[in-house]
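Below is one structure; the comments refer to it alone.
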Amino acid sequence: MAKYFSQELVCKSFERLSSRNTTGKTHMERTSALMYFLSVDATFEHFGVSSLDLNPGSLEGKNNRKQVELEFTKLVLVGNSHGMVRQVTELGRIEEAGTHPEKRISSNFLTVPLKKASNQATPFYYPNRPKHPLFKMGLAATGKQWGLRFHDCWMANFLTILTTIKGSTPLLDLAVFVCRDGAIDDGATDIFTAVEEQIKKRFTRNLAGFWIQRIAKEKVMARDIDAPFVDYHAPFANVYKQAPAPVKQYSQMKKSELIDRIHQLESMLKTTD
Amino acid sequence: MTTHPKFMLDKPQPQIKQRLYNGRRINVWEGKVKVSSIIGWVDNPRIELEKKKYLSEVGGRQLTQDEIFDLMKNDPEVKLKQLRDDIIKNGLREPLALSYTGKLLDGNRRFFAVQYALASMSVSDPNRQDLETVEVHVLSEDATDADEQNVLVEENFSASLKIEWPAYVKAVQVIGAHEEGLSLEQISQKFSWDRSQIKNALKIHEIIQEFVIFATANIDPDDESGGGLGLPEQEAETIAAKNYQYFNEAQKSFFDPLKTDIDFKIQFFKWINDSKFSSFPEVRIAYKAWQHPEAKAALLQPDPAAAKSAKAILDYNARIVRSGDEAIGRIDTFVKFIKGMTASDIELIPERSRTNLQEALELVIKLSKAASG
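Shown next as structure tokens:
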């Protein structure tokens, strides 16, 4: 019989993935890059490849794009209540409303950097902020105009991307969050064997090996991992309580950020009616 | 019966009391005066050096209060601006001490800081009136010169017994405020810390939290790092508090590596627990040493001077690199000079110098071959 990670475990892991900084966009940008990376790796694993052609004009490119969008949606979509999309735009925070994840990735990652890379004679690397890229794109870097591969230094850069996270077990917590909906084999005795099984199923051998090895190193810092399983699946977003922003924080926001926040709060109000 | 000096305000009614100054009981009037009625102490030894410098420019004469005020404002040692800001925020915390004639005996810096505060406030500032009158202790009419001297000694020579809270204790307050949800701005106002200080405290706290997690984790021989240190939480927190400044140094020198290199992080925590470091420079080089095989091997030794040895290795290597750079620079300059020479230039060089050059170049060719072979 299959089992699942408990809502409490996923909530705690997800909360620990929050940024240490309460303002600024760095964590959001890094979350996006990380989610794109995981989506692409899952697509690599799905098709058994190590690079993708994302040419929007070819059938293969369209197929690949669709799969990346699907994997991205699986990663960031955490709820869909009353027709209102609940998704992760920043690790540690759940946002309501906004653009659907599929649209989010197709109009951002699959459009802006890829298009730029396709017109460029030199290799194009992404992301640029921080300058620790996870991907290389374009003809010069991949041999295909709309090609996409992992950057040669992705392992070190993957860890740098995680440095805005305040928790002490980012790789383990990220794994729990990513594997939140997976049915875990009954043979898994603890959280570590469970995430290992899930990661191996979903991601390439390279990424899985690297990730699992890092999780093993984090074992000594792991907390709140007793009784991680339940025998039913329940979305963690239903019980996740993120710390409300202090009122004073609003006065430090830009007008556009404030408008976004008001829209978000209004939509939350509507769902409680 | 003695009466209070005329420059003291009648409200609140001045009270005569006995106070101890340098072991001697002296009668003083406690009450309030207008700042404008106080005579600043122009002979204050605190600014003697600045005063001498100024007098050498303007000629030997008695300085005015305004000139003394300017000297104090511009002397960074006096920190008048900081005191002014503190007084604006908190008011005058200690009464000034005056002679019966209104001469300042103690509180010259505070007096000028109040004037500075008043000068920087607008006339309509509602807080202005709080500073226009100040609390004072005025020596009674029968006070002697010896009494005045005792006040000076007590206020200026006796060591203050006030001890500032340790950095760790202050940081705990700041972290508490952050966890309550206060913004950086609010915390900054509450504790008079600037934003960067607060951000640093939060980062140090993050490292300390991880240290405590590691230190309280059970020892586990099956774990690849050997598990934690198995310490009770209280003990782990005590170690963290004692090493707060070393954690601060770690935050400044290698915060990101602590986040990305977990092997280093665990080793650093073990080093902290083992009291491996005896100075800030030794902490500062910890990550560089970790990446340098020879320095790392030295640092991993159980020897109490291991960190010192690791630092010495890194310093030595840095010197070698620097001297290597220097050699490259000199060679490049020399090559440029040689290449710029014409046949007629060379003809002018004495035979002996040309032979020396030829021998040197042959030696370089031989050594280069040997080095690359």
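Quick mapping for you: the protein sequence lines, in order, are chains R and G. Just so we're aligned, residue 530 is where the first sequence starts under the working numbering, counting upward by one. Just so we're aligned, residue 1492 is where the second sequence starts under the working numbering, counting upward by one. The beta carbon of each residue, even a glycine, is placed where N, CA and C say it ideally should be. What you are looking at is a predicted structure, and each value in this text was computed from that prediction instead of being measured.
Host beta strand (DSSP E) of residue i (start-end)
i	result
R:E625	622 to 625
G:H1628	1624 to 1630
R:R731	No beta strand (DSSP E) holds R:R731; the alpha helix (DSSP H) holding it covers 720 to 731.
G:M1612	Per DSSP, G:M1612 belongs to no beta strand (DSSP E) and is neither H nor E.
R:F679	676 to 679
G:L1596	1595 to 1597
R:K632	Segment 630 to 636 is the alpha helix (DSSP H) holding R:K632; no beta strand (DSSP E) there.
Assigned secondary structure, residue i (DSSP; H/G/I helix, E/B strand, else coil)
i	result
R:M530	coil
R:L588	helix
G:A1588	strand
R:E795	helix
G:H1495	coil
G:L1848	helix
G:L1511	strand
R:E619	strand
G:W1684	coil
G:K1860	helix
R:R594	helix
G:D1557	helix
R:V578	coil
R:W740	helix
G:G1551	coil
R:G672	coil
G:E1521	strand
CB contact below 8 Å: residue i versus chain R
i	result
G:L1693	yes
G:K1750	yes
G:Q1741	At residue 1741 of chain G the sequence reads Ala, which differs from the Gln that was named. Answer no: the Cβ-Cβ gap between G:A1741 and chain R never drops below 8 Å.
G:G1719	yes
G:I1840	no
G:F1771	no
G:A1668	no
G:S1716	yes
G:A1803	no
G:I1699	no
Beta carbon of residue i nearer than 8 Å to that of residue j
i	j	result
G:W1781	G:F1755	yes
G:N1647	G:D1566	no
G:E1773	G:K1802	yes
R:M814	R:V605	The structure shown has nothing for residue 814 of chain R, since chain R only spans 530 to 802.
R:K532	R:V759	yes
R:E529	R:I713	A query on residue 529 of chain R cannot be resolved here, the shown segment of chain R reaching from 530 to 802 and no further.
R:A751	R:L691	no
G:I1695	G:F1738	yes
R:Q616	R:A763	no
R:R549	G:E1539	no
Within-8 Å CB hit, residue i to chain G
i	result
R:S817	What is shown of chain R runs 530 to 802, which leaves residue 817 of chain R out entirely.
R:L688	yes
R:A745	yes
R:V749	yes
R:T692	yes
R:R549	yes
R:S785	no
R:K660	no
R:R752	yes
R:S697	yes
Segment limits, alpha helix (DSSP H) that includes residue i
i	result
G:D1636	1636 to 1647
G:Q1736	1735 to 1751
G:Q1782	1777 to 1782
G:F1825	1797 to 1830
R:Y769	Here R:Y769 belongs to no alpha helix (DSSP H), and DSSP marks it neither H nor E.
R:F523	Residue 523 of chain R cannot be examined here, being either before or after the span of chain R that is shown, 530 to 802.
R:M477	Past the boundaries of the shown model lies residue 477 of chain R; chain R is included only from 530 to 802, so the question cannot be answered.
R:F706	699 to 707
Nearest-angstrom beta carbon gap, residue j and residue i [assumed within contact, 8 Å]
i	j	result
G:W1532	G:K1572	About 20 Å; that fails the 8 Å criterion.
G:L1790	G:A1798	6 Å
G:E1585	G:V1526	15 Å between Cβ atoms; not a contact.
G:D1709	G:G1717	Checking the sequence shown, residue 1709 of chain G turns out to be Asn, not Asp. Their Cβ separation, rounded to whole angstroms, is 10 Å, which puts G:N1709 and G:G1717 out of contact at 8 Å.
G:V1569	G:R1600	6 Å
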